[in-house]
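Chemist: Residue numbers (UniProt numbering): 1 to 163. Ideal placement from N, C-alpha and C gives every residue a C-beta, glycine not left out. Source: prediction; values computed, not measured. I have a structure I would like to understand better, so I am pasting it below and will then ask my questions one at a time.
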């Protein structure tokens, strides 16, 4: 019964993410948000694949478990959705504001992941992995993507300016 509840939880949260995704992407500038989404999917999938292959993380309860060792809903829907909302919210933020908004996104994710690791089979930490590794990893990935989209915007401004 426990595993059925975990699968139901994953299914419901994934469906919510899929429903919210078009609303997050379909905003101006569409191209920027599509880039953020694709970078989020790709980067998180690669990082997750590496961590799973090295034995730091294990997902006992996951969709398509015979095909993928990673947690596909988190890598392709949940994380990119959080990343989209973070990038949209920090669009015009200064560095200090960006850091405080980053904490608003990361702290709840790390708390939920920690509870999931302790109380469920959704995720298992191994080889000394702990909540602070997840916190640092999320912070680095969020900020890298944010700086990347800022660089793309600066390049676009330069190309579009008339000199």
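Mind the definition here: the stretch 117 to 128 touches the stretch 3 to 20 only if three or more C-beta pairs lie below 8 Å; say whether that holds.
Modeler: With a cut-off of 8 Å, the stretch 3 to 20 and the stretch 117 to 128 count as touching, because enough Cβ pairs lie within range.
Chemist: For residue 90 and residue 146, which I take to be in contact (beta-carbon distance under 8 Å), what is that distance rounded to the nearest angstrom?
Modeler: Correct: roughly 6 Å between the Cβ atoms.
Chemist: Along the chain, which unbroken stretches of the beta strand (DSSP E) at least 3 residues long are found entirely within the stretch 53 to 133?
Modeler: Entirely contained in the stretch 53 to 133, not one beta strand (DSSP E) run reaches 3 residues.
Chemist: Would you report the Cα separation of residue 94 and residue 39, rounded to the nearest angstrom?
Modeler: In a straight line, the C-alpha of residue 94 is about 23 Å away from that of residue 39.
Chemist: Less than 8 Å between the beta carbons of residue 144 and residue 106, yes or no?
Modeler: No, these two residues do not count as a Cβ contact at 8 Å.
Chemist: For the stretch 65 to 80 against the stretch 40 to 47, do three or more pairs of beta-carbon atoms, one drawn from each stretch, fall closer than 8 Å, so that the two count as touching?
Modeler: The stretch 65 to 80, when compared against the stretch 40 to 47, does touch it at the 8 Å Cβ threshold.
Chemist: By Cβ distance, which residues of its chain are closer than 6 Å to residue 19, with the 5 residues on each side in sequence left out?
Modeler: Within the same chain, residue 19 has no close Cβ partners at all.
Chemist: Looking at residue 86: is its Cβ nearer than 8 Å to the Cβ of residue 101?
Modeler: In this structure, residue 101 lies closer than 8 Å to residue 86 by Cβ.
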